[in-house]
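Reviewing the structure listed below.
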Amino acid sequence: MKNKELADIFDRWADILEFMGDNPYHVRAYRNAARLIRDLSEDIEILAKEGRLTSLPGIGQRLQAKILEFLRTGKISEFEKLKHQVPDTIFTLLDIPGVGPKTVKVLYEKLGIRSLEDLKRAIERGELLKLPGFGAKKVEKIRKGIELLEKSSGRILLGVAVFIADRIVNQLKELPAVERISVCGSTRRMKETVGDIDILATGKNEEIIKAFVNLPNVKEVLWQGTKKASVIVEEGEQVDLRVIEKDSYGAALQYFTGSKAHNIHLRTLALKSGYKLNEYGLFKGDTLIAGKSEEEIYKSLGMDTPPPEIRENTGEIEAALNHSLPKLVDYTDIKGDLHVHSNWSDGASTIEEIALKAIEMGYEYVAITDHSKSLKVAGGLSEEEFLKRNEEIDKLNEKFKGKIKILKGIEVDILPDGSLDLSDEILSQLDFVVAAIHSRFTQDNTERILKAMENPYVNAIAHPTGRIIGQRDGYPLDLETLFKKAAETSTALEINAYYNRLDLRDSHCRLAQEFGVHFVISTDSHHVDHMWMVKLGVGTARRGWVQKKSVLNAHPLRTLLRFVKEKRMKFGVK
DNA sequence: GCCGTTTTCGGCCCGACTGTTTTCAGTCG
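Residue numbers (this note's numbering): 10 to 583.
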């Protein structure tokens, strides 16, 4: 799949044009194309073959020609010429907060600055102050921006953002001064990584701001005004709070939730209908039409309210206008976790502790899925040990009868040849079997997984692509073949909710659902304190337009067990 | 560079904030 490579080229292309001072709409066309291609769930090569490139919104004749040239030759000649005109170290300068293309251009042309090191040296020597339009404050802002950039590791994992945002919202909502409060931005959209954390509130603004900057976990106050403030929390992440008038709360929530592409589309629609939409409300002339709630705004524009997770301008606005939005799986739908490790293998919690946590979370069932023997580093269990562990589960099921059903599970290793490292005899005695790959992360593993799916006892493939966010790309896979086989063999695909996995990712979910794939949303917890992460998985599923009916563990135990039984019957085993 | 139920040319989302300005440019979300 060449989608990412191509998206990177278009992004860099936009950077170069921006730096060269090209028409901003020209730049935006490349930026949009990059984003579109990066988020595409289908292989761009297949789209090209089928002649569907120009049916993508934002791809016209000229971009199509460039894409085709890239697919044919691996290069785009126009880009090859262009990129040699600008030193590529210069683009790190654009990552400095407060520094944009115009500033970089001046720095480069007047002082020959082409890297972060150059810039730091020039600031020390006081050279920037001599430039027109550069005063002491601006230089100080750049200096602080560099500091911030070097400190931050880039984007925050969603799990970390949700954890911090929930904590702050819970602390603040207890205050009498706070009327309403909500997280917004990409955290609310449950995007797998988040730039900074945005929180929106309404109420007595000065009291709220004061409480916010004085929260116990705040390490540093970056900026504080009467309507907004920015802080760094002890985890090192930036959190912004805005306080808004209550009549505009819905409009502000809509606006600050984004995405940017969704908002641009929405405002264009508003404009065509003779309205103006901004963060204060929907206006006809100077008259406020709607603003108290998001629903009010969308309704006034003749549409249903798209769930925040799908506001990415990938068809949700059209669906909202047609009143055909999908009914997405909800956070409260999950009836049990189907991937949890106990201290029989490499988990830290006992089976009893896991059961108690599952009861606390309101689950109907939970599957204990310890590792199998070949995974020695993770304390994988032998066949005898599994049988002993199962006896303990039987006892606990007696004890917790009527409160929770503990399922005998396993995360069985898929060996390099696609076979499993436990006998069918043992597997047949388990309630739910999850199979996964834990080795050879660079080779194409399609055949290996297809073969595992052919085993009648394998009910789900755990973390199907093997990616770790920000650390390791998934191994190469033919996703469409995989999805087809999963649907055929009644093998579910896991949406692993552990915070650095989220695998399948959102775009894969959307494509898989079209193939009729069933999903399980599970946490891969190794401690009961990880089990809350299920909501990260549900958020990912929702971003992939996944409906409740496609998610096995959004249904009662008997539905789950029927799915297991159906596969065994399909393959003629008991 | 894209796009069209007012347009195949002339638009392209909108406002806040900051810093340098004396009317505005740059950056951000």
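All C-beta atoms, glycine included, are put in the ideal place defined by N, C-alpha and C.
Secondary structure of Y374 (DSSP, three-state): strand.
In terms of Cα proximity to E201, the closest of L424, E318, I413 and I55 is E318. Three or more beta-carbon pairs separated by less than 8 Å link the region 274–283 to the region 295–310, which places the two stretches in contact. For Q247, there is no enclosing alpha helix (DSSP H); the residue is found in the beta strand (DSSP E) stretching over Q247 to V252. Under the three-state reduction of DSSP, F441 is assigned to strand.
Between R197 and S191, the C-beta gap is smaller than 9 Å, which places the two residues in contact.
V148 and D31 have their C-alpha atoms some 26 Å from each other. Note on I99: 16 or more other CB atoms within 10 angstroms of its CB, so buried under the neighbour-count rule.
Looking from the CA of K182, the closest CA among G267, V543, G212 and D515 belongs to G212.
Under a 10 Å Cβ-count criterion, G525 is classified as exposed, with fewer than 16 other Cβ atoms of the shown protein chains found around its own Cβ. Membership of Q233 in the beta strand (DSSP E) is indicated by the continuous run V227 to Q233. Rounded to whole angstroms, I298 and I53 show a C-alpha spacing of 42 Å. When rounded, the separation of the alpha-carbon atoms in K119 and E156 is 23 Å.
A residue is called buried once 16 or more other Cβ atoms fall within 10 Å of its Cβ, and E503 is buried on that count. Distances from the alpha-carbon of C518 to those of A364, R552, H539 and V582 put R552 closest.
Runs of alpha helix (DSSP H) with 4 or more residues, each lying fully within the region 41–70, are found at 53–58, listed in chain order.
Here the region 495–512 makes contact with the region 443–462; the two share three or more CB pairs at distances below 8 Å. Here the C-alpha atom of E362 lies approximately 37 Å from the C-alpha atom of L520. Between the C-alpha atoms of Y264 and L250 there is a straight-line separation of about 14 Å. Between N505 and G479, the gap from beta carbon to beta carbon reaches 9 Å or more. With fewer than 16 other beta carbons inside 10 angstroms of its own, H35 counts as exposed. In the DSSP assignment, F292 falls within the beta strand (DSSP E) that extends over G290 to K293. In the DSSP assignment, D422 forms a beta bridge with A445. Of all C-beta pairs linking the region 238–254 to the region 168–184, three or more are shorter than 8 Å, placing the two stretches in contact. In the DSSP assignment, V582 falls outside any alpha helix (DSSP H), carrying neither H nor E. Inter-residue distance for K544 and D24 is about 36 Å (C-alpha atoms, whole angstroms).
Take G483, set aside five residues on each side of it, and the residues of its chain with a beta-carbon closer than 6 Å to its own are T474, G475 and R476, in chain order.
The Cβ atoms of S268 and G290 do not sit closer than 9 Å to each other. For L286, no alpha helix (DSSP H) segment is defined; the enclosing uninterrupted segment is the beta strand (DSSP E) at K285 to N287. In this chain, the alpha helix (DSSP H) harbouring G168 covers L167 to L181. Going by DSSP, D24 is part of the alpha helix (DSSP H) stretching over N12 to F28. Closest in C-alpha terms to Y507, from the list G142, L166, I55 and F143, comes L166.
By the neighbour-count definition (other C-beta atoms within 10 Å, threshold 16), T378 is a buried residue. A distance below 9 Å separates the beta carbons of A376 and H348. Between A170 and I206, the C-beta gap is smaller than 9 Å, which places the two residues in contact.
If you look at H348, you'll find it in the beta strand (DSSP E) that goes G345 to V349.
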